[in-house]
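Undergrad: Submitted below is the structure of interest, expressed as structure tokens.
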Amino acid sequence: MKLYRIVIIALMATVFTACEDKLDEEVFSELSPSNLLNNEKGLSFLLNSAYTYGHRVGAVSSWAPYHMSSMTAGETWGVGGSIENLWVAEMDFTWDSNHAHFLSVWQVHYNSIRDANLVLDNLDNENLSEDFKQLTKAEAHFLRGWNYAALYNWFGGVPLYTSSEDELLQPRATAEETRTLIEQELTLAANGLPKDEPQFGRASKGTALAVLCKFYLNTKQWQKAADAAQDVIDLQKYDLLGDYGDIFAYDNEGNQELIWVLPKDGATLTDTGQGLNALTFPPDFPMPFSNNSVFAARTYLFDDFVNSFEETDTRQNQIITEWTSTNTGELVTGLGNDQSFPYKLPFEPNSVGAWAGNDLPVIRYADILLSRAEALNEISGPTQEIIDLINDVRERAEATPYTLAGFTKESLRDAILQEREWEFYWEEKAREDQIRHGVFISRAQARGKNAQDYHVLFPIPQVELDANPNLEQNPGY
5 MKLYRIVIIA LMATVFTACE DKLDEEVFSE LSPSNLLNNE KGLSFLLNSA
55 YTYGHRVGAV SSWAPYHMSS MTAGETWGVG GSIENLWVAE MDFTWDSNHA
105 HFLSVWQVHY NSIRDANLVL DNLDNENLSE DFKQLTKAEA HFLRGWNYAA
155 LYNWFGGVPL YTSSEDELLQ PRATAEETRT LIEQELTLAA NGLPKDEPQF
205 GRASKGTALA VLCKFYLNTK QWQKAADAAQ DVIDLQKYDL LGDYGDIFAY
255 DNEGNQELIW VLPKDGATLT DTGQGLNALT FPPDFPMPFS NNSVFAARTY
305 LFDDFVNSFE ETDTRQNQII TEWTSTNTGE LVTGLGNDQS FPYKLPFEPN
355 SVGAWAGNDL PVIRYADILL SRAEALNEIS GPTQEIIDLI NDVRERAEAT
405 PYTLAGFTKE SLRDAILQER EWEFYWEEKA REDQIRHGVF ISRAQARGKN
455 AQDYHVLFPI PQVELDANPN LEQNPGY
């Protein structure tokens, strides 16, 4: 896409703000528009920019997918603040193509694709070492695969840009064409990436395989999903942590259960942080650190879900059911009023106001275990291997282990969905899990929402339709 060229000068000042280990300050005068894409330093800046967008840089891009998933699936509900009208549309299935959340995720993922394309288009250069070319190529293919997989999840078939020279006004590809490209990109990445990521927040072989596994699972390619999950397991690089709460602890970021993470930093620029807790807790909630603050909006869990946990299940410990108001000094009870709070992302001591630096988990090892269990059940029905995979997750949570006896394929399918709800609440999984299990629309209708079959996809943002006459809107909108 020729218009990509306008980003080159801006990229000279780009740093990898989404990484955990800060890079040394660069001497930017060494680069100019004429040589930016002809050397390893310039292409590294460009790859870092692709990662930064792929990590959903920006506050809205960070929190929008959480609400797009959890509120449409009935996992959470919200009220308060200027964002409430966006939430109401998501909760009530009254959204349209002008919804700000849809545009935010569309743009941030396509910005990453743009930069990844520029990297790939400029790797055929004698000034670059072979090792640099191979690693950078694999990472750029991963970024394209990850971004297109995310876009496909939300919107279905989308315009496919695989070169910076592509015409700007592309029509939408078919769903099959989009799926084919995603599989190709992630397979190329998995074959070329090292076992260990070059830097925190960048991709490794396990990252590519995990994203590929979840793509196969959500597109119901069961054998491929089971095989990709086993490939991740066979790396022997990841494991379940002993304590569920440790997965999300601020001082335990980058732990061995986390496979693909969106790094955030709340102590510097707001563009690199995320404001999920600021949109979760009420203004009278006792902040653990004096520099923490929240907005007027609140995000709640329903009582039915909070009460669904087995008494011994430690996963419910990440839910706050009561608190002492800083305004009145009185105890406020959330449980019993559908007003418990998900607290998987603790307030962090170095945040700047509402902007937190907690990294956002995308795929954990527990997800890989349950994904393989689900895929195997769809292939063959209940087996002891499937029960063992589920029990690995349940036993970590101190929940009663399952036994094989009594399960049918259908009842085990339901049990796996329920297990995923307990394990991954408030982790942007609810919508895709319900769609895959065929209950997304029916559950919304049972809640009294006017949900229709076409709501399994979100509409293409109106801004994009206005800019590109070759785009066609999703049916129903």
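Positions in the sequence shown are counted from 1; adding 4 to them yields the working numbering. Here a beta-carbon is modelled for each residue, glycine too, at the ideal position from N, C-alpha and C.
1) For Q227, count the other beta carbons within 10 Å of its own beta carbon; 16 or more makes it buried, fewer makes it exposed. Which is it?
2) In or out: P290 buried (at least 16 other Cβ within 10 Å) or exposed?
3) D238 to E257, Cα distance in whole Å?
4) Check whether the Cβ atoms of I251 and F219 lie closer than 7 Å to each other.
5) What is the DSSP secondary structure of T332, counted as helix, strand or coil?
6) On the premise that G196 lies in contact with A177, defined as a C-beta separation below 8 Å, what is that separation, rounded to the nearest angstrom?
7) If distances are taken between C-alpha atoms only, which option among T276, L364, R447 and D307 comes closest to N341?
8) Which runs of the alpha helix (DSSP H) fall wholly inside the segment 409–445 and span at least 4 residues, in chain order?
9) Look at the Cβ atom of S344, then the Cβ atom of I323, and state whether they are nearer than 7 Å.
10) Output the boundary residues of the beta strand (DSSP E) element that contains K305.
11) Tell me the rounded alpha-carbon separation between K2 and K241.
12) Are H145 and L216 close, meaning C-beta to C-beta below 7 Å?
13) Only counting the same chain, and skipping five residues up and downstream in sequence, which positions put a Cβ closer than 7 Å to that of T466?
14) Span of the alpha helix (DSSP H) holding T140?
15) How is T276 classed by DSSP in three states: helix, strand or coil?
16) Consult DSSP for N474 and reduce its assignment to one of helix, strand or coil.
17) Can we count A120 as close to the ligand ADP, meaning its CB is less than 6 Å from some heavy atom?
18) One question on the structure: do G62 and A301 come within less than 7 Å of each other, judged by their Cβ atoms?
19) Less than 7 Å separating the beta-carbons of V109 and Y57?
20) Among D135, P163 and A142, which one has its Cα closest to the Cα of E180?
21) On the criterion of 16 or more Cβ atoms from any shown chain inside 10 Å, does N354 qualify as buried, or is it exposed?
22) Spatial neighbours of I87 within its chain, please: C-beta separation below 7 Å, excluding the five flanking residues on both sides.
23) Contact between the segment 311–323 and the segment 368–382 is defined here as three or more beta-carbon pairs at a separation below 8 Å; is this criterion met?
24) I think D125 touches A54, with their Cβ atoms under 8 Å apart; what is that distance to the nearest whole Å?
25) Measure the C-alpha to C-alpha separation of T184 and R148 and round it to an integer number of angstroms.
26) CA-CA distance, N157 and L107?
27) Quick one: complete alpha helix (DSSP H) runs, 4+ long, within the segment 339–395?
28) Per DSSP, what kind of secondary structure is N52 in: helix, strand or coil?
29) Can you tell me which of the three DSSP states T80 falls into?
30) In this structure, does DSSP put V19 in helix, strand or coil?
31) Just verifying my parser: in three-state terms, what is the DSSP assignment at W327?
32) What's the gap between the Cα of P175 and the Cα of D470?
33) Within a Cβ cutoff of 7 Å, which residues of the same chain sit near S33, ignoring the five residues on either side of it in sequence?
TA: On the basis of the supplied data:
1) To locate residue 227, count along the sequence shown from 1; it is residue 223. By the neighbour-count rule (16 or more Cβ atoms within 10 Å), Q227 is not buried but exposed.
2) Taking the first residue of the sequence shown as position 1, residue 290 is located at position 286. Classification for P290: exposed.
3) Working through the sequence shown from its first residue, we reach residue 238 at position 234. Working through the sequence shown from its first residue, we reach residue 257 at position 253. Computed Cα separation, rounded: 23 Å.
4) Here residue 251 corresponds to residue number 247 of the sequence shown, with the count starting at 1. Here residue 219 corresponds to residue number 215 of the sequence shown, with the count starting at 1. The answer is no: Cβ separation not under 7 Å.
5) For the purposes of this step, residue 332 is taken as the residue at position 328 of the sequence shown. Of the three classes helix, strand and coil, the one that applies to T332 here is coil, per DSSP.
6) Taking the sequence shown and counting its residues from 1, the one referred to as residue 177 is at position 173. Taking the sequence shown and counting its residues from 1, the one referred to as residue 196 is at position 192. With a Cβ gap of about 24 Å, A177 and G196 do not count as contacting.
7) Walking along the sequence shown from the start, residue 341 turns up at place 337. For the residues T276, L364, R447 and D307, the minimum Cα distance to N341 belongs to D307.
8) 413–428 and 434–440
9) In the sequence shown, the residue the question calls residue 344 occupies position 340. In the sequence shown, the residue the question calls residue 323 occupies position 319. Their beta carbons are under 7 Å apart, which means S344 touches I323 by this criterion.
10) Position 301 of the sequence shown, counting from 1, holds the residue named residue 305. The identity of residue 305 in the sequence shown is Leu, whereas the question assumes Lys. R302 to L305 is the span of the beta strand (DSSP E), which, as asked, contains L305.
11) The requested residue 2 is not part of the displayed model; the chain covers only 5 to 481.
12) Here residue 145 corresponds to residue number 141 of the sequence shown, with the count starting at 1. Here residue 216 corresponds to residue number 212 of the sequence shown, with the count starting at 1. No.
13) Numbered from its first residue, the sequence shown carries residue 466 at position 462. First, the residue type needs correcting, since residue 466 is Gln and not Thr in the sequence shown. S101 and N102.
14) Working through the sequence shown from its first residue, we reach residue 140 at position 136. Unbroken alpha helix (DSSP H) run through T140: E134 to F159.
15) Looking up residue 276 in the sequence shown gives position 272. It is helical.
16) Within the sequence shown, numbered from 1, the residue matching residue 474 stands at position 470. Note: N474 maps to coil in three-state DSSP.
17) As for the ligand ADP, it is missing from this structure, which has no ligand bound.
18) Within the sequence shown, numbered from 1, the residue matching residue 62 stands at position 58. Within the sequence shown, numbered from 1, the residue matching residue 301 stands at position 297. No. Outside cutoff.
19) Stepping through the sequence shown from its first residue, residue 109 is reached at position 105. Stepping through the sequence shown from its first residue, residue 57 is reached at position 53. The answer is no: Cβ separation not under 7 Å.
20) Residue numbering aside, residue 180 sits at position 176 when the sequence shown is read from its first letter. Nearest option by C-alpha distance: P163.
21) Working through the sequence shown from its first residue, we reach residue 354 at position 350. Looking at its Cβ environment, which holds fewer than 16 other Cβ atoms inside 10 Å, N354 is exposed.
22) The sequence position of residue 87 within the sequence shown is 83, counting from 1. Around I87: L283 and A301.
23) no
24) Indexing the sequence shown from 1 puts residue 125 at position 121. Indexing the sequence shown from 1 puts residue 54 at position 50. 12 Å between Cβ atoms; not a contact.
25) As a working mapping, residue 184 is identified with position 180 in the sequence shown. As a working mapping, residue 148 is identified with position 144 in the sequence shown. Each residue's Cα considered, the two are about 13 Å apart.
26) Residue 157 sits at position 153 when you count from the first residue of the sequence shown. Residue 107 sits at position 103 when you count from the first residue of the sequence shown. Cα to Cα, N157 sits roughly 14 Å from L107.
27) 369–384
28) On the sequence shown, position 48 is the one that residue 52 refers to. N52: helix per DSSP, three-state reduction.
29) Here the question's residue 80 lines up with position 76 in the sequence shown. It is a strand residue.
30) Numbered from 1 along the sequence shown, position 15 holds the residue referred to as residue 19. In this predicted model, V19 has a pLDDT of only 38, less than 50, meaning its place in the structure is not dependable enough to derive any value.
31) Counted from its first residue, the sequence shown places residue 327 at position 323. Strand.
32) The residue you call residue 175 lines up with position 171 of the sequence shown. The residue you call residue 470 lines up with position 466 of the sequence shown. Each residue's alpha carbon lies about 13 Å from the other.
33) Looking up residue 33 in the sequence shown gives position 29. In this prediction, S33 has a pLDDT of 49, which is less than 50 and means its spatial position is unreliable; nothing more can be read from the coordinates.
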